[in-house]
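Positions 1 to 402 (UniProt numbering) are the ones given, in order, by the sequence shown.
Inspection log for the structure reproduced underneath, given as structure tokens.
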Amino acid sequence: MYQQRNSFRSGSRGRHNRSNSNRSFGHNRSGRGRFQPKQLDPRLFIKPADAVQSEVAPVTSTFSDFKLPKQLVTNLSSMGFDTPTPIQDQALTPILNGHDLIGLADTGTGKTIAFVLPILAKLIKDPAQNALIIAPTRELAVQIKDDIKALSNGLPIKTVLLIGGTGIYRQIQELKRNPHIFIGTPGRLKDLHERGSLNLNNTHTIVLDEMDRMLDMGFVKDITKLLSFLPKERQTLLFSTTIDDRVEGIAHTFMNNPLKISVKTGATAQNVDQDVVHLSGSDKISVLKELLKQQRFQKVLIFGRTKYGVEKLSVTLSQNGFSVGAIHGNKRQSQRQRVLTDFKTDRINILVATDVAARGIDVKDITHVINYDQPDTYADYIHRIGRTGRAGKTGQALTFVE
């Protein structure tokens, strides 16, 4: 029905020249309309998983070694966290000491705890302060809020989630209760500030999470404006998977002699076995269904290009007896969050998503990522497959090629 690892392989495992990984091998396929997206070279999607060779020094400390309030260490232990990850190990001390910091780390490496712990420690010491955390997507903002809730258990720390897709007037009412931590997406934060509901005058800690993603999504003006409203005496923390001139520009303009730490291991790509599925004239949905019936496809994230296509695919799979949900821009935030929760808690084992809706998804134990529709860029591809192969486990990514 379909073929894997065929003519695109060169040698026993068909490695492609990795120097091409940042190039776009786009070309118009014959017979496609002029508005059809370009296709990437399928060789980019073929690479076996490697043993991760980390250049990061091994962590020998525990959370109790840091100057953290006792309640935070207790909460970490109750969550099963005793030893910090490399990004936490290297970032905690300078952040606790008040330095501005640029942290470069792959997704899924625990950077949220690296900035949440110092914020909570600061608020325990001085509850009159505020902190602002800006994230590129609603899903990531929700994830950060959930992490803060768990880490601040037993503490009088109030948070507010300020994202689109939910009622703004309810958020305005929550802001009147004087929360300690604002967590939100750029557009909604800017809207609330312009309405006079979000007062940033006492915000002395700001976190810019997944900065490269926020710039890719066109939020540079909103972020720049929000930063201009903050007190000059503040601590600014910037986390990003990559750093380029745009990120450097934000750092140079709004940060004070930031320390830069990098614990990137390349594990996201190395820990994922990447391959293609050649349709060879076979019906695309039939091939997908045959794959999903296999026992090893335990928890699967499927990417589609359009909101309509994602919804249609989800409905079709559901009608064929699969336990599936979908997230995309046409769904209300409450719907998206419900589906994501179902996926996290194994009520469903298949999630179909668009690129934008899937940014910020942090779900454990995803066994497979399937690119039902090819990504537009190689950067999007790397982001997609980074949802699997986490926490030292090997994941698999399959890309459909017609």
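We put the beta carbon where it would ideally sit given N, CA and C, even for glycine.
Remember, predicted model here, so these are calculated numbers, not experimental data.
With DSSP collapsed to three states, give me the class of residue i.
i, result
"VAL352", "strand"
"LEU104", "strand"
"GLY187", "helix"
"LEU76", "helix"
"THR60", "coil"
"PHE182", "strand"
"THR166", "coil"
"SER30", "In this predicted model, SER30 has a pLDDT of only 36, less than 50, meaning its place in the structure is not dependable enough to derive any value."
"ILE206", "strand"
"GLY11", "Residue confidence is low: GLY11 scores 34 on pLDDT, short of 50, so the model does not pin down where it sits. No coordinate-derived value is stated."
"ASN17", "In this prediction, ASN17 has a pLDDT of 37, which is less than 50 and means its spatial position is unreliable; what the coordinates show is noted afterwards. Coil."
"LEU96", "helix"
"ARG23", "Because ARG23 carries a pLDDT of 33, less than 50, the predicted location of this residue cannot be relied on, and the following value inherits that uncertainty. Residue state, collapsed to three classes: coil."
"LEU68", "coil"
"MET1", "With a pLDDT of 44 at MET1, under the threshold of 50, the predicted position of this residue should be treated as unreliable, and no value is reported."
"LEU161", "strand"
Quick check: what's the CA-CA separation for residue i versus residue j?
i, j, result
"ILE366", "ARG305", "20 Å"
"ILE285", "LEU200", "50 Å"
"SER24", "VAL277", "In this prediction, SER24 has a pLDDT of 33, which is less than 50 and means its spatial position is unreliable; nothing more can be read from the coordinates."
"SER30", "ASP376", "Residue placement at SER30 is poorly supported in this model, since its pLDDT is 36, which falls under 50; the coordinates are not used for a value here."
"LEU340", "LEU351", "8 Å"
"LEU398", "ASP41", "14 Å"
"VAL73", "LEU175", "29 Å"
"SER262", "GLY281", "45 Å"
"ARG384", "THR109", "16 Å"
"ASP342", "LYS225", "36 Å"
"ASN349", "PRO84", "30 Å"
"VAL310", "TYR381", "17 Å"
"GLN129", "LEU92", "19 Å"
"ASN256", "GLN396", "41 Å"
"LYS232", "ARG177", "25 Å"
"VAL160", "VAL401", "44 Å"
"THR60", "GLN90", "11 Å"
Taking C-beta to C-beta, are residue i and residue j nearer than 9 Å?
i, j, result
"LYS307", "ILE102", "no"
"ARG195", "LEU162", "no"
"ALA105", "ILE119", "no"
"PRO94", "MET217", "no"
"residue 412", "LYS145", "Here the chain has residues from 1 to 402 only, and residue 412 is not among them."
"HIS180", "ILE206", "no"
"THR62", "ARG138", "no"
"residue 406", "VAL363", "With the chain covering 1 to 402 only, the question about residue 406 has no answer from this structure."
My guess is that residue i and residue j are in contact by the Cβ rule of under 8 Å, so how many angstroms apart are they, rounded?
i, j, result
"THR236", "ALA131", "Contact doesn't hold; Cβ gap of about 11 Å is too wide."
"PHE229", "HIS252", "Not a contact, Cβ separation roughly 19 Å."
"LEU140", "ASP209", "7 Å"
"LEU68", "ALA121", "6 Å"
Please check if any C-beta of chain B sits within less than 9 Å of the C-beta of residue i.
i, result
"GLY249", "In summary, chain B is missing from the structure at hand, where a single protein chain is found."
Compute the minimum distance between the beta carbon of residue i and the heavy atoms of the ligand FAD, and state whether it is under 8 Å.
i, result
"GLN235", "Within the structure as shown, the ligand FAD is missing, as the structure has no ligands at all."
| Unbroken alpha helix (DSSP H) runs of length 4 or more, entirely within the region 109 to 158: which are they? | 111 to 125, 138 to 151
| task | Please specify which runs of the alpha helix (DSSP H), each continuous and at least 4 residues long, are wholly inside the UniProt domain "Helicase C-terminal" (287 to 402), giving them in chain order. | result | 307 to 319, 333 to 344, 355 to 358, 378 to 385
| Residue ranges of each alpha helix (DSSP H) within the region 229 to 282, 4 or longer | 245 to 254, 267 to 270
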